[in-house]
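**Student:** Order-wise, the sequence lines are chains A and B.
Adding 1 to a residue's 1-based position in the first sequence gives its number in the working numbering.
Adding 22 to a residue's 1-based position in the second sequence gives its number in the working numbering.
Structure in structure tokens, see below.
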Amino acid sequence: MAADPSPKPRKADAERGAKTSRSPWREQAESYFIHHRKVARDSAVRMWRTPVASLMTWTVMGVALALPVALLLLLASLQGVSAGWESSARVTAYMKMSASLEQTQALAGEIGGDGRVAELELIDRDRALAEFRASSGLDDALDYLEENPLPHTLLVTPEESARSADGVAALVTFIEGMEGVERVQVDLGWLQRLNAMTDLLARAVWALAILLAAAVVLVIGNTVRLSIESRRDEILVAKLVGGTDSFVRRPFLYTGAWFGLGGGAVALILLQLSLWWLSGPVERLAGLYRSDFSLNGLSFDGAFALIIVAMLLGWLGAWVAVKRHLDDIEPGEIAGG
Amino acid sequence: MIEFRQVTKRYDSDHTALRQVNFHLARGELAFLTGHSGAGKSTLLKLLMVMERPSAGEVVVGGQILNSLPRRQIPYIRRHIGVVFQNHQLLFDRTVFNNVAMPLEVMGATPRDVGRRVRAALDKVGLLNKEKMNPLQLSGGEQQRVGIARAVVNKPPLLLADEPTGNLDPKLSADIMNLFAQFSQVGVTVLIASHDLALINEMNRRTLTLDHGNLIAGGNPLQGGAGGR
Chain A
2 MAADPSPKPR
12 KADAERGAKT
22 SRSPWREQAE
32 SYFIHHRKVA
42 RDSAVRMWRT
52 PVASLMTWTV
62 MGVALALPVA
72 LLLLLASLQG
82 VSAGWESSAR
92 VTAYMKMSAS
102 LEQTQALAGE
112 IGGDGRVAEL
122 ELIDRDRALA
132 EFRASSGLDD
142 ALDYLEENPL
152 PHTLLVTPEE
162 SARSADGVAA
172 LVTFIEGMEG
182 VERVQVDLGW
192 LQRLNAMTDL
202 LARAVWALAI
212 LLAAAVVLVI
222 GNTVRLSIES
232 RRDEILVAKL
242 VGGTDSFVRR
252 PFLYTGAWFG
262 LGGGAVALIL
272 LQLSLWWLSG
282 PVERLAGLYR
292 SDFSLNGLSF
302 DGAFALIIVA
312 MLLGWLGAWV
322 AVKRHLDDIE
332 PGEIAGG
Chain B
23 MIEFRQVTKR
33 YDSDHTALRQ
43 VNFHLARGEL
53 AFLTGHSGAG
63 KSTLLKLLMV
73 MERPSAGEVV
83 VGGQILNSLP
93 RRQIPYIRRH
103 IGVVFQNHQL
113 LFDRTVFNNV
123 AMPLEVMGAT
133 PRDVGRRVRA
143 ALDKVGLLNK
153 EKMNPLQLSG
163 GEQQRVGIAR
173 AVVNKPPLLL
183 ADEPTGNLDP
193 KLSADIMNLF
203 AQFSQVGVTV
213 LIASHDLALI
223 NEMNRRTLTL
233 DHGNLIAGGN
243 PLQGGAGGR
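Shown next, in the form of structure tokens:
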């Protein structure tokens, strides 16, 4: 099948054939790898050749990525705070008036033995009255009472693992079911409200993140579309000489991924800058509230994940553009009438 | 190598580019394809390159019927067909070497292989010393020879040329034709679309003549591939 005008190279060709046939598969894989590396490098070099345009695309992408990531980080910090408050959640169980101290002590032993309970304190009615007398200033009024109106009380501090809103609620149900317990009180309301709020915020942030990710895909898609237009001749020739669709697509997919890499890097820079800019005021504010609230930056893993996601988005955008526009370019128009 | 069996190509109801064309080209044969402008020369070449599909009949290249070839198989057929264009379709954003290397790159040849075969092809067309230049720096005749080097670099069994001498003076045209004749001598089937009748007469080869989509001369293969009209 192969035919060469001159007989000499033909002989050389036969020699080569013998050589490559030893491991054609390996040679094939090697040249495939080399080709990928070349295409990746070419795409990057092309991007460097138009630094301003590339930088603008990176910045657009960086802003679109930094915004949802910043909100997610803020959310994570807020959740950290609410977790801190949850740790101070305590369950108060009031015994029935009829319950004796012995009965209460037995119950305290039982509840204290539960795995979800970290600490348990029994406040008997006399001590409760004394404390109330001391703190309320109703000293005189209390003297008119014929008997102590306060029940025995158990103060339960949940174990670390049971400190979520659900965990605490379950513990409350458990204690309520015990005999001799009149009422269990826990100030879960505000905790639940905070949790509901952070849940809502999380959803809003994720919705925003998805919208912005779609915007990133479209921006990259459009940029790659322009790049396809400007390399029309090259695509035509590649298709003419037998380039497969994936061969023709490859440089553009790499271009998309490089845009993603640049965008991810810009997003990281923006995040670090705003963190640095906000950290002072946030510390002061938290100090005024005597809170240990602090803004957390991205961890190394988080930064790595951000870059990977950005590259995937860029790749996806390029893929959309390539799918839409590359198939339209067919060499039929070259040959003329 | 090439066979057209009752091939008709209709673009729409009132424009029929080819009507029941029948011919056969043997391996190593060199033939001209001629006819007035719009006679169907380009359509015939496009059918061979699977840029178009016939409306009726069969196009066979290297024993393979192209009609029902799946789209994804087209690139692999094109790797066996070298094409030379009138406007040569060179890329001006890369060197002569890289232009010629393209067919090898799409095949996934190793860099060592690419280097050797590109230089062999450039040597063949006498441009070995210009491999590092941009095609823009070359004359029209040289550009056309780069186009030919690119068409033959992967040693295709079939070489198509669409008006390869359209922009060249007679001396350069004759040089190019000699190159094509050399390729056919080593077994490459060459089909050249041209309306340069003086040149065609000088070469004295088989000539397929199209007129309004009908093949009016040269349809029957002649022994030895020479002397046809």
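Note that beta-carbon positions come from the ideal geometry of N, C-alpha and C, so glycine has one too.
Bear in mind that the values here come from a model prediction, so they are computed numbers and not experimental data.
Tell me the rounded alpha-carbon separation between Leu-70/A and Asp-115/B.
**Tutor:** Checking the sequence shown, residue 70/A turns out to be Val, not Leu. C-alpha separation (whole angstroms): 40 Å.
**Student:** Under the assumption that Gln-235/B contacts Ala-39/B (Cβ atoms under 8 Å), give the Cβ distance between them as a whole number of angstroms.
**Tutor:** In the sequence under discussion, the amino acid at residue 235/B is Gly, which differs from the Gln named in the question. Contact flag correct, Cβ pair sits at about 6 Å.
**Student:** Just to confirm before moving on: does the CB-CB distance between His-46/B and Glu-25/B stay below 8 Å?
**Tutor:** Against a cut-off of 8 Å, the Cβ pair of Glu-25/B and His-46/B comes out as a contact.
**Student:** Please decide whether Pro-52/A counts as near chain B, where near means a Cβ-Cβ distance under 8 Å.
**Tutor:** No - not a single Cβ of chain B is within 8 Å of the one on Pro-52/A.
**Student:** By Cβ distance below 6 Å, which residues in the same chain neighbour Phe-133/A in space, the five residues on each side in sequence not counted?
**Tutor:** Excluding sequence neighbours, Phe-133/A sits near nothing in its chain.
**Student:** State the Cα-Cα distance for the pair Leu-313/A and Lys-152/B, rounded to the nearest angstrom.
**Tutor:** Each residue's Cα considered, the two are about 42 Å apart.
**Student:** Run through chain A and tell me which residues come within less than 8 Å of Pro-125/B, C-beta to C-beta.
**Tutor:** Result: Val-242 and Gly-243.
**Student:** Step through the CB atoms of chain A and report whether any lies within less than 8 Å of the CB of Thr-132/B.
**Tutor:** Closer than 8 Å: yes.
**Student:** Using only the alpha-carbon positions, how far apart do Asp-43/A and Leu-56/A sit?
**Tutor:** Cα to Cα, Asp-43/A sits roughly 18 Å from Leu-56/A.
**Student:** In the DSSP assignment, the alpha helix (DSSP H) including Ile-103/B goes from what residue to what residue?
**Tutor:** Ile-103/B -> not in any alpha helix (DSSP H); beta strand (DSSP E) instead, spanning 103-106.
**Student:** Mind reading off the beta-carbon distance from Asn-126/B to Asn-176/B? Whole number of angstroms is fine, and I expect it under 8 Å.
**Tutor:** Here residue 126/B turns out to be Leu, not Asn, going by the sequence shown. The pair is a contact, with the Cβ atoms about 6 Å apart (cut-off 8 Å).
**Student:** Within its chain, find whatever has a CB closer than 6 Å to the CB of Ala-94/A; leave out the 5 residues flanking it on each side and keep chain order.
**Tutor:** Once the five neighbours on either side are set aside, the close Cβ partners of Ala-94/A are Leu-155, Ile-176, Val-182 and Val-185.
**Student:** Identify the contact partners of Arg-100/B in chain A, using a Cβ-Cβ distance below 7 Å as the criterion.
**Tutor:** By Cβ distance, chain A contributes Leu-241, Val-242 and Gly-243.
**Student:** Buried or exposed: which applies to Trp-59/A, given that a residue is buried once 16 or more other Cβ atoms fall within 10 Å of its Cβ?
**Tutor:** Per the 10 Å Cβ criterion, buried.
**Student:** Contact criterion: CB-CB distance below 8 Å. Does Val-118/B meet it with respect to chain A?
**Tutor:** Not one chain A Cβ lies under 8 Å of Val-118/B.
**Student:** For Pro-157/B and Met-225/B, what's the separation of their Cα atoms in angstroms?
**Tutor:** If I take the Cα positions, the gap works out to 29 Å.
**Student:** Can you list the residues of chain A that Pro-186/B reaches, using a CB-CB cut of under 9 Å?
**Tutor:** Chain A residues near Pro-186/B: none, gap ~13 Å exceeds 9 Å.
**Student:** Consider the Cβ of Tyr-33/A: report whether some Cβ of chain B lies at a distance smaller than 8 Å.
**Tutor:** True, the Cβ-Cβ gap to chain B drops below 8 Å.
**Student:** Since Gln-165/B meets chain A, which of its residues come closer than 8 Å, beta carbon to beta carbon?
**Tutor:** Per Cβ cutoff of 8 Å: no residues; Gln-165/B is ~14 Å from chain A at best.
**Student:** Determine, using beta carbons only, whether Asp-43/A comes closer than 8 Å to chain B.
**Tutor:** Taking Cβ atoms only, chain B never reaches closer than 8 Å to Asp-43/A, which makes this a no.
**Student:** For Arg-50/B versus Gly-209/B, is the C-beta distance shorter than 8 Å?
**Tutor:** Here residue 50/B turns out to be Gly, not Arg, going by the sequence shown. Cβ distance < 8 Å, so Gly-50/B and Gly-209/B count as in contact.
**Student:** Give every residue of the same chain whose Cβ lies closer than 6 Å to the Cβ of Arg-27/B, excluding the five residues on either side of it in the sequence, and list them in chain order.
**Tutor:** Contacts found: Gly-79 and Glu-80.
**Student:** Where does Pro-159/A fall in DSSP's three states?
**Tutor:** The answer is strand: DSSP assigns Pro-159/A an E or B state.
**Student:** By DSSP, does His-46/B sit in helix, in strand, or in coil?
**Tutor:** Three-state result, His-46/B: strand.
**Student:** Under a CB-based cut-off of 8 Å, is Asp-329/A close to chain B?
**Tutor:** Asp-329/A does not count as touching chain B.
**Student:** In the DSSP assignment, find the unbroken alpha helix (DSSP H) run with Gly-169/B in it and report its ends.
**Tutor:** That run of the alpha helix (DSSP H) goes 162-174.
**Student:** Mapping DSSP to helix, strand and coil, what is Tyr-145/A?
**Tutor:** Coil, per DSSP.
**Student:** Along chain B, in chain order, which residues have C-beta atoms closer than 7 Å to that of Val-238/A?
**Tutor:** Result: Gln-111, Leu-113 and Met-124.
**Student:** Is Asn-236/B helix, strand or coil by DSSP?
**Tutor:** Residue state, collapsed to three classes: strand.
**Student:** Please list the terminal residues of the continuous beta strand (DSSP E) segment that includes Ala-53/B.
**Tutor:** That run of the beta strand (DSSP E) goes 52-57.
**Student:** Let's test the definition: count the other Cβ atoms within 10 Å of the Cβ of Ala-67/A and tell me whether it reaches 16, buried, or not, exposed.
**Tutor:** Under this definition Ala-67/A is a buried residue.
**Student:** Just checking: is the beta-carbon of Gln-273/A within a distance shorter than 8 Å of some beta-carbon in chain B?
**Tutor:** Closer than 8 Å: no.
**Student:** Return the Cβ separation of Leu-52/B and Val-212/B in integer angstroms, given the expectation that the two are a contact with Cβ distance under 8 Å.
**Tutor:** Sure, about 4 Å apart at Cβ, within 8 Å.
**Student:** Which residue or residues does DSSP assign as beta-bridge partners of Tyr-98/B?
**Tutor:** For Tyr-98/B, which the question treats as bridged, DSSP gives no partner whatsoever.
**Student:** From Gln-106/A to Leu-123/A, what distance separates their C-alpha atoms?
**Tutor:** Whole-angstrom Cα-Cα distance: 8 Å.
**Student:** Between the segment 167-187 of chain B and the segment 137-148 of chain B, are three or more C-beta pairs nearer than 8 Å?
**Tutor:** At 8 Å Cβ cutoff, the stretches touch.
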